[in-house]
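J.:
Numbering (mature numbering (1 follows the signal peptide of the UniProt record, and there is no 0)), first residue to last: -19 to -1, 1 to 188.
1) Please list the terminal residues of the continuous beta strand (DSSP E) segment that includes residue 133.
2) Please name the residue in 128, 142 and 122 whose C-alpha comes closest to that of residue 91.
3) Beta carbon of residue 34, beta carbon of residue 58: below 8 Å?
4) Taking contact to mean at least 3 C-beta pairs separated by less than 8 Å, is the segment 38 to 53 in contact with the segment 163 to 182?
5) On the premise that residue 139 lies in contact with residue 109, defined as a C-beta separation below 8 Å, what is that separation, rounded to the nearest angstrom?
6) How many Å lie between residue 89 and residue 111 at the Cα?
7) Assign residue 107 to one of two classes, buried (16 or more other C-beta atoms within 10 Å of its C-beta) or exposed (fewer than that).
8) By how many angstroms is the C-alpha of residue 160 removed from the C-alpha of residue 184?
9) Can you tell me which of the three DSSP states residue 114 falls into?
10) Pick helix, strand or coil for residue 168, following the three-state DSSP scheme.
11) Secondary structure at residue 153, three-state DSSP: helix, strand or coil?
12) Where do the N-terminal and C-terminal ends of the beta strand (DSSP E) with residue 95 fall, by residue?
13) Roughly how many angstroms separate the alpha carbons of residue 153 and residue 172, rounded to a whole number?
14) How about residue 128 and residue 157: are their beta carbons less than 8 Å apart?
15) So what's residue 52 in DSSP terms, helix, strand or just coil?
16) Could you compute how far the alpha carbon of residue 13 sits from the alpha carbon of residue 54?
17) Do residue 95 and residue 126 have their beta-carbon atoms positioned less than 8 Å apart in this structure?
18) Please go through the same chain and pick out, in chain order, the residues whose beta-carbon is closer than 6 Å to the beta-carbon of residue 181, but skip the five residues on each side of it.
19) Just to confirm, are residue 104 and residue 39 a CB contact at a threshold of 8 Å?
20) Spell out the partners DSSP gives residue 89 in its beta bridges.
21) Return the bridge partner residues of residue 190 from the DSSP annotation.
22) Grouping DSSP H, G and I as helix and E and B as strand, with all else coil, what is residue 68?
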């Protein structure tokens, strides 16, 4: 009788222990999944800062944004947008943006700062060409940050006007930075610029 009781007691201990182990394992898996989701969310909400390259762009129609995203993806770079404090409508000849563009001293305000820009060594800067020049908000951007010792890599979208001398303009604005050869992408092919971007990155030695 005693042997039977001992046997039943041992069986009970084994069953209870197995159930407890299963419960602990389930809780650990749930916590891990939650942590991964929270980690992913944090990465989406904050600029990437673990590399040495950053892509900064201003885009009015989405063309420059498309090229910027292509570059950031290929270079495993951070990506941040220059957002104007007030919306710009460059298609309206009577709009504020047109008046600002005609005033070389105009410096439209940027809505939010470019985070951690001091942490990057190579900064790709993208913009559309407006009437043969960078949008004035790019001048605001270059005035706002210290690019000494950094490498600036310009790229633009246009209707066929090329870089319109903006690379030289950037060199004048940032004499203490190294400014590499820029890339111009036709606005109509901005969404399919992979090959152009590859060739350009290779030609400037940043592949």
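We treat Cβ as the ideally placed atom computed from N, Cα and C, and that holds for glycine.
T.: With the structure as the only source:
1) Within the chain shown, numbered from 1, the residue matching residue 133 stands at position 152. Unbroken beta strand (DSSP E) run through residue 133: 132 to 139.
2) Mapped onto the chain shown, residue 91 falls at position 110. Of 128, 142 and 122, the residue nearest in Cα terms is 122.
3) The sequence position of residue 34 within the chain shown is 53, counting from 1. The sequence position of residue 58 within the chain shown is 77, counting from 1. Cβ distance < 8 Å, so residue 34 and residue 58 count as in contact.
4) Yes, the segment 38 to 53 touches the segment 163 to 182.
5) Here residue 109 is taken as the residue at index 128 of the chain shown, counted from 1. Here residue 139 is taken as the residue at index 158 of the chain shown, counted from 1. With 8 Å as the limit, residue 109 and residue 139 qualify as a contact, their Cβ atoms being about 7 Å apart.
6) Here the question's residue 89 lines up with position 108 in the chain shown. Here the question's residue 111 lines up with position 130 in the chain shown. Whole-angstrom Cα-Cα distance: 15 Å.
7) Reading the chain shown from its first residue, position 126 is the one you call residue 107. Buried, because 16 or more other Cβ atoms sit within 10 Å of the Cβ of residue 107.
8) Taking the first residue of the chain shown as 1, we reach residue 184 at position 203. Taking the first residue of the chain shown as 1, we reach residue 160 at position 179. Rounded to whole angstroms, residue 184 to residue 160 spans 14 Å at the Cα level.
9) Here residue 114 corresponds to residue number 133 of the chain shown, with the count starting at 1. Residue state, collapsed to three classes: strand.
10) Looking up residue 168 in the chain shown gives position 187. In this structure, residue 168 counts as helix in the three-state DSSP scheme.
11) For this step, residue 153 is matched to residue 172 along the chain shown. Note: residue 153 maps to helix in three-state DSSP.
12) On the chain shown, position 114 is the one that residue 95 refers to. Per DSSP, residue 95 belongs to no beta strand (DSSP E) and is neither H nor E.
13) Mapped onto the chain shown, residue 153 falls at position 172. Mapped onto the chain shown, residue 172 falls at position 191. Rounded to the nearest angstrom, the two C-alpha atoms are 31 Å apart.
14) Locating residue 128 in the chain shown gives position 147, where the first residue counts as 1. Locating residue 157 in the chain shown gives position 176, where the first residue counts as 1. Yes; because the gap between Cβ atoms is below 8 Å, this pair is in contact.
15) Your numbering for residue 52 matches position 71 in the chain shown. Helix, per DSSP.
16) Locating residue 13 in the chain shown gives position 32, counting from the first residue. Locating residue 54 in the chain shown gives position 73, counting from the first residue. Residue confidence is low: residue 13 scores 29 on pLDDT, short of 50, so the model does not pin down where it sits. Its coordinate-derived value is still stated next. Distance between the alpha carbons of residue 13 and residue 54 is about 28 Å.
17) Within the chain shown, residue 126 is the residue found at index 145, counting from 1. Within the chain shown, residue 95 is the residue found at index 114, counting from 1. Their beta carbons are under 8 Å apart, which means residue 126 touches residue 95 by this criterion.
18) Within the chain shown, residue 181 is the residue found at index 200, counting from 1. The answer, listed in chain order, is 164.
19) Locating residue 104 in the chain shown gives position 123, where the first residue counts as 1. Locating residue 39 in the chain shown gives position 58, where the first residue counts as 1. No, these two residues do not count as a Cβ contact at 8 Å.
20) The residue labelled residue 89 in the question sits at position 108 within the chain shown. DSSP lists no partner for residue 89.
21) Past the edges of the chain, shown from -19 to 188, lies residue 190, and the structure says nothing about it.
22) The count along the chain shown starts at 1 and reaches residue 68 at position 87. When secondary structure is reduced to three states using DSSP, residue 68 falls in the coil class, being assigned neither helix nor strand.
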